[in-house]
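Structure record follows, encoded as structure tokens.
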Amino acid sequence: MARNYIDNYREKGARKKLVEELAKKGIEDEHVLAAIGKVPRHYFFDETFWNQAYKDIAFPIGEGQTISQPYTVAYQTQLLHIRKNDKVLEIGTGSGYQTCILLELGAKVYTIERQEKLYEQTRRVLPHIGYKKANFFLGDGSIGIAVHAPYDKIIVTAGAPTVPDVLLRQLKIGGIIVIPVGDEKSQKMITVLKVGENDYEKVELDTFRFVPLVGDKAW
């Protein structure tokens, strides 16, 4: 019991330091920073690597995928301007860490993963650590989840060659999609605001490197 208490105290301290580091790197949204400070990122790691959990780095999670760098998670989330009860489609569940951040912000999350092992893992892990409200789907995220559209926000957590039209069609008017677009080595973060049924405003931002988005409308 004593060791568990010490570990819990240590993890909270590590999360606080991570939040301070992200603020220094330019993350300004206090709600996003608060969510980062609440989600226990070490639960997404094998216990052997818990000492890596609150470093601002990406880390392998198997199946050729990674848990994203906290800065990247915060950066994308900040661009979404999440409001409570926003209906959000997440393309690429991965570890489930980004999913938890969205849930902490009060979003209604629909998340899709193509790797069955990761899909099963996140369905099991997230409710275990207290995040029970996500809607999990197994399938090709590049085509979205049309049956539950339209969405207020869409976040894509893998690099795409273009912004898939099928995802734009699943946005509400006034909705935002955040997606890294480029080649398989580096991508520019793109935000697209849907201002009309067939009218969009696109902004190109910083350079990142994501694992590739694989699917019918991607690589």
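If you use UniProt numbering, the sequence shown corresponds to residues 1 to 219, in order. Glycine included, every Cβ here is placed at the ideal spot set by N, Cα and C. Nothing here was measured: the structure is a model prediction, and the numbers come from that model.
Residue i - DSSP class collapsed to helix/strand/coil
i	result
PHE137	strand
LEU89	strand
PHE44	helix
TYR5	Summary for TYR5: the model assigns pLDDT 38, below 50, so the residue's position carries little reliability; its value from the coordinates is reported in the next sentence. In the structure shown, TYR5 sits in a helix (DSSP, three-state: H, G or I).
VAL39	coil
GLY62	strand
GLU120	helix
VAL109	strand
ILE82	coil
ILE27	coil
Sequence-distant residues of its chain with Cβ nearer than 6 Å to residue i (five each side left out)
i	result
VAL88	LEU102, ALA107, VAL109 and LYS153
Residue closest to residue i, alpha-carbon to alpha-carbon, out of the options
i	options	result
GLN170	LYS185, PRO180 and GLY141	GLY141
PRO161	LYS202, ASP56 and LEU213	LEU213
LYS25	THR66, VAL73, GLY64 and GLU104	VAL73
GLU11	VAL178, ASP216, ALA53 and ILE91	ALA53
LYS202	PHE137, VAL163 and GLU104	VAL163
PHE136	GLU20, ILE36, GLU90 and THR77	GLU90
GLY175	TYR75, PHE208, ALA149 and ALA218	ALA149
Cβ shell of residue i (< 7 Å), same chain only, five flanking positions each side left out
i	result
GLY139	ILE112 and ARG114
ASN4	Caution is warranted here: a pLDDT of 45 is assigned to ASN4, below 50, making its placement in the model unreliable, and the coordinate value is therefore given only provisionally. So the list is empty, once near-sequence residues are dropped.
GLY182	GLY159 and LYS188
GLN69	ASP56, ILE57 and ALA58
Nonlocal neighbours in the same chain, by C-beta distance under 8 Å from residue i, ignoring five residues either side
i	result
LEU205	LEU79, LYS188, MET189, ILE190 and THR191
THR99	GLU90, THR93, VAL109, THR111, THR122, LEU126, TYR131 and ALA134
Three or more C-beta pairs closer than 8 Å, one from the segment 189–205 and one from the segment 110–119: is that the case here?
no
Below 8 Å, how does it come out for the segment 79–86 and the segment 39–48: are there three or more Cβ pairs, yes or no?
no
Can you give, in chain order, each stretch of the beta strand (DSSP E) that sits fully within the segment 122–210 and has at least 3 residues?
135–138, 151–156, 171–182, 187–196 and 199–208
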